[in-house]
Amino acid sequence: MKLNVFIKSLVLNDAIFWFSNYLFLSIASIHISKNMINGSTLTAGVSFGTYFLFRGFTDLISPYLHKRLNNKYKIIVLTICILIVSIAFLLLSFVHNAYFAILLFAIIGISIGVYNPIKYAFFSQHLDRNKEEKEWGLIDGLGLIS
């Protein structure tokens, strides 16, 4: 399947992003339950629940804020969100307090909640005519496989 360069780069970026995200989430759950003060599998579950809660609310709110940004600033916001997620995962490896880990997961949830609507808007703008289903299937499928 021949794809335009922008779609290829978004699909590759998405696959790498989700692969690394879920890899670090798995490692983080072990770290939280074994190495932290007040850490347990319950704490790991609360951390992930906090992530999904904050991500869900941010996913609902952030599209209203994105309308005011032009494409240049949207790309800057995407980059900042990826940096925040990366720094939060890095900090998570040095954290020994479960409450700080929960805070970091909230920050990760907010960052990904801001990141996703912008990414999908860019993806939608650059879809090739008569290939929309294949390209959406590609980004979702590779994201899940990775």
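Per the numbering used here, residue 29 is the first one in the sequence shown, and the count goes up by one each step.
We put the CB at the ideal spot given by N, CA and C, even for glycine.
Residue i in three-state terms, based on DSSP
i: N98; result: coil
i: N66; result: coil
i: N32; result: coil
Exposed unless 16 or more other CB atoms sit within 10 angstroms - verdict on residue i
i: F117; result: buried
i: Y143; result: buried
i: F52; result: buried
i: L88; result: exposed
i: I55; result: exposed
i: F122; result: exposed
i: I130; result: buried
i: R96; result: exposed
i: L196; result: Nothing in the structure corresponds to residue 196, since the chain is present only between 29 and 174.
Under 8 Å between C-beta atoms of residue i and residue j
i: G137; j: F80; result: yes
i: S57; j: A72; result: yes
i: T86; j: G141; result: yes
Residues near residue i by beta carbon distance below 6 Å, same chain, minus five either side
i: S139; result: C109, I112 and V113
i: F133; result: S75, T78 and Y79
i: K36; result: none
i: R83; result: G137, I140 and G141
7 Å CB neighbourhood of residue i in its chain, flanking five on each side removed
i: Y148; result: none
i: A126; result: I60, M64, I65, N66, G67 and T71
i: L106; result: Y143, I146 and K147
i: I135; result: I112 and A116
Whole-angstrom C-beta distance between residue j and residue i, which should lie under 8 Å
i: L38; j: F150; result: 7 Å
i: K102; j: H94; result: 7 Å
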